[in-house]
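Numbering of the first sequence is given in this note's numbering, commencing with residue 1201 and proceeding in unit increments.
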Amino acid sequence: MSAPWLAELNDAQREAVTYGDGPLLVIAGAGTGKTKTLACRAAYLVQNGTDPERILLLTFTRRAAGEMIDRAKFLADDPAVQNIWGGTFHAVANRLLRQYGRAVGLSADFTVMDASDAADVLNLIRTETGAAKSDRRFPRKQTLIKIYSHVVNAQRPLREVMEEHFPWCADDLDAIATIFERYTERKRASDVVDFDDLLLFWKALCEEEQIRDVICERFDHVLVDEYQDTNSIQAAMLRGLRRGNDNIMVVGDDAQSIYSFRAATVRNILDFPDQFPGTHIVKLEKNYRSTQPILTASNAVMSQAKERFTKDLWSDRTSDVKPILVTCMDEDGQSKDVRTHVLDHYEDGVALQRQAVLFRAGHHSAKLEVELAASNIPFHKYGGLKFVDAAHIKDMLAILRILENPYDEISWLRTLLLLRGIGPKSARRIIDELGVRGRQSNGHDGDPGVATPSPLRRMIEEPPLVSPAGREGFAELRLALADCAGTPLPSSRAGKRTLRKSKKRKVASLATQIERIHRFYAPICEESFENAGPRLRDLEQLAEIAAGYKSRTRFITDLTLDPPASTSDLAGAPYLDEDFLVLSTIHSAKGCEWDVVHIIHAADGMIPSDMATADDAGVDEERRLFYVAMTRAKNTLYVYFPLRYYHSRYRRGDGHGYAQLTRFIPTSMRDLFDHRTLRVDDDDAMIDVPGARDRVSASLKNLWRE
DNA sequence: CATTTATAAATTTTT
DNA sequence: TTTATAAATG
């Protein structure tokens, strides 16, 4: 049986798509049709009789999984393709654990916390153990979560990880080990898992023989995208998943490995044939995306790498247009130049959506965003600070989480601290009195609510006493929680309000709960934030996404595992058909392509980031990052380099410095680019004399010395 | 004594 | 703009 679309593939692609049973490794350079190959493979399998529900497709983002499945659905012309199990490792772990988690001690409605919640818990323990108040400086919470995460993801002993990646914390090894121990206990007791636990528990599932067999049995084929960015625990999970059935296809490109900070290792892709004996290898080398001049420049960048595996990319797409290196006066000049170029292409018929601005770090686009807003150019930013990281969103979600899991200590803490008159000490006492931590003591596994009333019920029925200062807020919170839980307050003198309704109320719908929490939270929000307006609007949008969910568990979990990239993302459909320019960190741009790509801040210190230049491995990763950015471009590539940076944001003074062009474009490579310096725009035309500012500053300073 | 407010310091990349 | 520590307040 041969589908018409098979004919459109090149030989290597078709070989991968139609490969039979057994392990398959596809080495696919940038733009060589990796996504297409995976989508076709899925379609091919379904057309040849594999049940879509028995195919597992692991990708790096949920978006990627969705796109691939849509594509496969179109190719196979079969709506059932929708039933393929697709998603990130973490999302799939979540799904498996909701189903089989009991075997490893998780209830079906455990809560997932994101990295910043995890950091908060660690911080809590850090203060409790008193490690923080030793005379020496102790690692901060972000550092702690980084260390913890690295240990889990790299599957290496704490000591080694600390010596290698966090040598400055080595003195605190014992204290840190203690903190992690307690952290683990605490999470188990409260039925909460962090991102790393999702992987850890999946792996644990694979180690329980009976469960493993059930899970292995579940999938006929496993397909994995971006294999170069998986880490060693993920490789272990895959091995566990494929015992007794070695139908596994992994796709990746070692030249695009950019997640070593998350313990990803290219060893996974290199060792794959050893891990899975009998692996067949297919290489995709022909690039269909970019024009040859763009590839030539990209290849040149990679050729300087210390370690190098991949061959040069080549393409049929000839062009006279080289990538363009734009030298700008300063950051503002850069923003203006980008705007000018974007509009030029737009007028030539390249929609904004077909263009992207890429940068190393989330905040690199700040000035540009201002410029774009001023010019009324709509844009959409991926990466950087997440919507859910905003304090007001986290506050709302914390309250919702209490309802979801009354043993979720950190959510109680966050919620109680919102109340005026209640600080850490009182919050701690209330949490203890509610029995949030007393869960283990009532013995029977997984079913705490029977013996002792849950903390939520206690909160409603026999609330702890609170000092006069916090009493009012505490009462408000109690009312809100009672309304959401659908439990009337006990009909003492405080019960007037609830008596109007009949005694047995149903648990409020998700939308109603959100609305009720909003009513409780809005005054607090207005009191504690200067800019309450936009924040309250965010909360209304939160309510709007919630409207799309029936299950509270689903809503909270989805928001944690796949947070909306930005505020405008939440608006969903109405914005979809509008045109907007894409702004993205290079990391978030992985796997994407655009007609025109603008890479900004191509200065040493930005790319490569100052943080990463300590060793060769770090610089090489930054180089791959730059390579990934360049190879996103189909037709036109701009690389912008601001000559001058003012670094006065946090430091005082008029400090500015002259930047160096990124080391990834040395002089020897300059003729692979066209060079351009835009004139300063009319209205801010100003004669600039290089160095004048310095000379004047120096002479002013010297007035007082001499 | 607990909480709030003032002050100083530090900021990559993501599930 | 957020986050840890110090001083001030109730």
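Using N, Cα and C, we set each Cβ at its ideal position, and we do this for glycine too.
Does Tyr1300 pass the burial test, meaning 16 or more other C-beta atoms within 10 Å, or should it be called exposed?
With 16 or more other Cβ atoms within 10 Å, it is buried.
So, do the segment 1752–1759 and the segment 1607–1616 have three or more beta carbon pairs nearer to each other than 8 Å?
A contact is defined here as three or more CB-CB pairs under 8 Å, and the segment 1752–1759 fails this definition with respect to the segment 1607–1616.
For the putative contact between Val1521 and Pro1493, defined by C-beta atoms under 8 Å, what is the C-beta separation to the nearest angstrom?
With a Cβ gap of about 6 Å, Val1521 and Pro1493 count as contacting.
Apart from the five residues on each side of it in sequence, which residues of its chain come closer than 6 Å, Cβ to Cβ, to Arg1554?
For Arg1554, where only same-chain residues beyond five positions count, the Cβ hits under 6 Å are Trp1794, Asp1795.
Among all the DSSP beta bridges, which residues are the ones paired with Leu1297?
Residue pairing by DSSP leaves Leu1297 without any beta bridge partner.
When the distance is taken between beta carbons, is Phe1401 closer than 9 Å to Leu1297?
Contact flag set, yes.
When DSSP labels each residue in this structure, what does Ser1432 get in the three-state scheme?
Secondary structure of Ser1432 (DSSP, three-state): helix.
Alpha-carbon to alpha-carbon, Gln1504 and Val1321
Annotation: Val1321 to Gln1504 spans about 43 Å, alpha carbon to alpha carbon.
As assigned by DSSP and simplified to three states, the class of Gln1860:
In the three-state DSSP reduction, Gln1860 falls in the coil class, being neither helix nor strand.
When you compare the segment 1450–1467 with the segment 1426–1442, are there three or more beta-carbon pairs, one atom per stretch, that lie closer than 8 Å?
As far as the Cβ criterion goes, the segment 1450–1467 touches the segment 1426–1442, which means the pair count is three or higher.
Nearest to Glu1547 by alpha carbon, out of Asp1474, Ser1498, Arg1620, Ile1577?
Of the candidates Asp1474, Ser1498, Arg1620, Ile1577, Ile1577 places its Cα closest to the Cα of Glu1547.
Under 9 Å, do Val1557 and Val1782 count as touching if we go by C-beta distance?
Taking the C-beta atoms as reference points, Val1782 is found nearer than 9 Å to Val1557.
Quick one: what does DSSP say Pro1606 is sitting in, helix, strand or coil?
Coil at Pro1606, not helix or strand.
Assess, as a yes-or-no matter, whether the segment 1222–1242 is touched by the segment 1389–1396 under the definition of 3 or more beta carbon pairs within less than 8 Å.
Segment contact: the segment 1389–1396 against the segment 1222–1242, fewer than three CB-CB distances shorter than 8 Å; contact not assigned.
Tell me the DSSP bridge mates of Gln1492?
In DSSP, Gln1492 forms no bridge with anything.
Within its chain, find whatever has a CB closer than 7 Å to the CB of Ala1303; leave out the 5 residues flanking it on each side and keep chain order.
Cβ neighbours of Ala1303 beyond the five flanking positions: Leu1405, Glu1408, Ile1411.
When you compare the CB positions of Ile1807 and Phe1826, do they come within less than 9 Å of one another, or not?
Yes, these two residues count as a Cβ contact at 9 Å.
On the premise that Arg1658 lies in contact with Leu1634, defined as a C-beta separation below 8 Å, what is that separation, rounded to the nearest angstrom?
About 5 Å; that satisfies the 8 Å criterion.
Burial state of Trp1368, where buried means 16 or more other Cβ atoms lie within 10 Å:
That one is exposed.
Which of helix, strand or coil does DSSP assign to Asn1210?
Three-state result, Asn1210: coil.
Taking 9 Å as the threshold (C-beta atoms), are Leu1843 and Asp1530 in contact?
For the 9 Å CB-CB criterion, Asp1530 and Leu1843 form a contact.
Using the Cα positions of Val1292 and Asp1874, report the straight-line distance between them to the nearest angstrom.
Each residue's Cα considered, the two are about 46 Å apart.
When the Cβ atoms of the segment 1621–1632 are set against those of the segment 1591–1600, are three or more pairs found closer than 8 Å?
Contact between the segment 1621–1632 and the segment 1591–1600 is absent, because fewer than three Cβ pairs lie under 8 Å.
Does the separation of the CB atoms of Ile1469 and Gln1355 fall below 9 Å?
No. Outside cutoff.
Please name the residue, chosen from Lys1483, Gly1670, Asp1309, His1545, that lies closest to Glu1604 on a Cα-to-Cα basis.
Checked all of Lys1483, Gly1670, Asp1309, His1545; the closest Cα to Glu1604 is Asp1309.
So, with DSSP's three-state summary, where would you put Ser1899?
Helix.
Helix, strand or coil for Thr1259? Go by DSSP, reduced to three states.
Residue state, collapsed to three classes: strand.
Is the segment 1458–1469 in contact with the segment 1206–1217, if contact means three or more CB pairs nearer than 8 Å?
Put simply, the segment 1458–1469 does not touch the segment 1206–1217. Fewer than three CB pairs are less than 8 Å apart.
Tell me which residue opens and which closes the alpha helix (DSSP H) that Ala1675 is part of.
Per DSSP, Ala1675 belongs to the alpha helix (DSSP H) from 1668–1685.
For a quick check, are the C-beta atoms of Thr1250 and His1421 less than 9 Å apart?
Result yes, Cβ atoms of Thr1250 and His1421 sit closer than 9 Å.
So, is Pro1523 buried or exposed, given that buried needs 16 or more other C-beta atoms within 10 angstroms?
Buried is the call here.
Helix, strand or coil for Ser1611 per DSSP?
The answer is helix: DSSP assigns Ser1611 an H, G or I state.
Reduced DSSP secondary structure (H/G/I, E/B, other) of Pro1648
At Pro1648, the pLDDT of 46 sits below 50, so the modelled position is not reliable and the matter cannot be decided from this model.
Can you find the residues in the same chain that come closer than 7 Å, C-beta to C-beta, to Pro1690, ignoring five residues on each side of it along the sequence?
Cβ neighbours of Pro1690 within its own chain (closer than 7 Å, five residues either side excluded): Glu1661.
Option in Pro1606, Ile1458, Ala1280, Thr1877 with minimal Cα separation from Glu1821
Measuring from the Cα of Glu1821, the nearest candidate turns out to be Ile1458.
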